[in-house]
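Quick note: the sequence shown, position 110, residue 110 per our numbering, numbers continuous. Notes follow the structure.
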Amino acid sequence: MVFNEKIVDPAELRHVEGKIELYWVYTSGEAGDAFFKKLKDEGKFIAARCKKCGHVYFPPRIYCEFDFGETEFVEVSGKGCVKAFAVANYDTYEKKLEKPEIYAIIEMDGTDGSIVHLLGEVEPEDVEIGMKVEPVLKPKEEREGRITDILYFKPVS
Ligand SMILES: [Zn+2]
């Protein structure tokens, strides 16, 4: 079924049988493209610093949401610290996982932002708020310019 009709009168709404095909393209924007290209090609992280107020955005933005100031990309280490975390013992289908997964909000060093990602090479009982972590990336030849190019974050040794 191709869903190409446009309803303007709510009284015309009706029940549709079968599947509705959905198609979309997500664009990460200029700043997102720069971030993923840097991650894929060089295995490095960038943020964006506002030229007016100095706020450092991670993920990067092309303008400041506080003063609409222009930003400039700045390289950051990719290291950070755990701000919050949760341990998942079941997947989204309520199937018990072989090994618990640890999801964390990680405040990125040198920025005012954070990222949500997996923690690895650490057991749930050993994770602490404020723990320093660093990214573990896929090998360069396997990177696709996606957030999954970051396998997980591990404790800084
Ligand atoms: Zn600003």
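Every residue gets a Cβ at the ideal spot worked out from N, C-alpha and C, and that includes glycine. Keep in mind the model is a prediction, meaning the values are calculated, not measured.
Under DSSP, residue 48 forms a beta bridge with 57 and 73. Within the model, the alpha-carbon separation for residue 87 versus residue 125 is close to 10 Å. When only Cα atoms are considered, residue 47 and residue 17 end up about 46 Å apart. For the set 71, 67 and 52, the Cα lying nearest the Cα of residue 58 is the one of 71. The C-beta distance from residue 79 to residue 132 rounds to 7 Å, short enough to meet the 8 Å contact threshold. Spatial neighbours of residue 52 in its own chain (CB-CB distance under 7 Å, excluding positions within 5 residues in sequence) are listed in chain order as 64, 67 and 69. At a cut-off of 4 residues, the continuous stretches assigned as alpha helix (DSSP H) that sit fully inside the segment 8 to 46 are 29 to 42.
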